[in-house]
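Asks: Numbering (our numbering), first residue to last: 147 to 300.
Don't be surprised by glycine CBs; every beta carbon is placed ideally from N, CA and C.
My questions will all concern the structure given below.
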Amino acid sequence: MRNLFYTLLLALVCSGPAALAADSDFPGIRKLMSEEEFRAAGLHRLSQEERAALNRWLVSYTVEEAPELLRSNQEVRKADESIRIEANIKPPFSGWTGDTLFHLDNGQVWQQRLRGRYFYNGDDTAVVIEKNLLGFYKMTLQASGRSVGVTRVR
Numbered sequence: 147m148r149n150l151f152y153t154l155l156l157a158l159v160c161s162g163p164a165a166l167a168a169d170s171d172f173p174g175i176r177k178l179m180s181e182e183e184f185r186a187a188g189l190h191r192l193s194q195e196e197r198a199a200l201n202r203w204l205v206s207y208t209v210e211e212a213p214e215l216l217r218s219n220q221e222v223r224k225a226d227e228s229i230r231i232e233a234n235i236k237p238p239f240s241g242w243t244g245d246t247l248f249h250l251d252n253g254q255v256w257q258q259r260l261r262g263r264y265f266y267n268g269d270d271t272a273v274v275i276e277k278n279l280l281g282f283y284k285m286t287l288q289a290s291g292r293s294v295g296v297t298r299v300r
């Protein structure tokens, strides 16, 4: 349960405090968790008002205190290092050309961080995004094994 909280907190930190500033932009705890995580945490028992209060608290906590926790808490840093995102790039996708934006089917948007070109002509757009040893994100196109440095935009 504790790891679940730190993972959720880390996801919120990575999504950027500016994105959390407006309640309408914040997806809410319900959409941030899988159905299994949501039920395991007992959040399905909360009323709408209680979930709204929890969402407000998460926004406030993430903006004010989570960045410090990411720097100072060993468990949060460990969770940060183990982030692995598996998704598919939404079509049309034909590779990357230098500053390509990648719109994923999970709603995230990533941008090419490193120069380089790769042309792809296939239907399998499954990707894995992981942190490298230097703390930067790398996106690997599963069909070809080709990778490119990326930065999360949203």
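Rounded to the nearest angstrom, what separates Ser293 and Leu260 at their Cα positions?
Replies: Roughly 10 Å between the two C-alpha positions.
Asks: Compare the C-alpha of Leu279 against each of Ile229, Gly253 and Glu214 and name the closest.
Replies: Looking at the Cα atoms, Ile229 is the closest of the given residues.
Asks: Alpha carbon to alpha carbon, how far is Asp270 from Ile235? Give it in angstroms, no decimals.
Replies: Cα to Cα, Ile235 sits roughly 9 Å from Asp270.
Asks: Any idea if Gly281 is buried or exposed, counting beta-carbon neighbours within 10 angstroms, 16 or more meaning buried?
Replies: Gly281 should be labelled exposed.
Asks: Using the Cα positions of Lys284 and Asn267, report the straight-line distance between them to the nearest angstrom.
Replies: Near 21 Å, if we compare the C-alpha coordinates of Asn267 and Lys284.
Asks: With respect to the beta strand (DSSP E) encompassing Arg202, which residues constitute its N-terminal and C-terminal limits?
Replies: Here Arg202 belongs to no beta strand (DSSP E); instead the alpha helix (DSSP H) covers Gln194 to Glu210.
Asks: Is it buried or exposed for Gln288, if we count other Cβ within 10 angstroms and need 16 for buried?
Replies: Under this definition Gln288 is an exposed residue.
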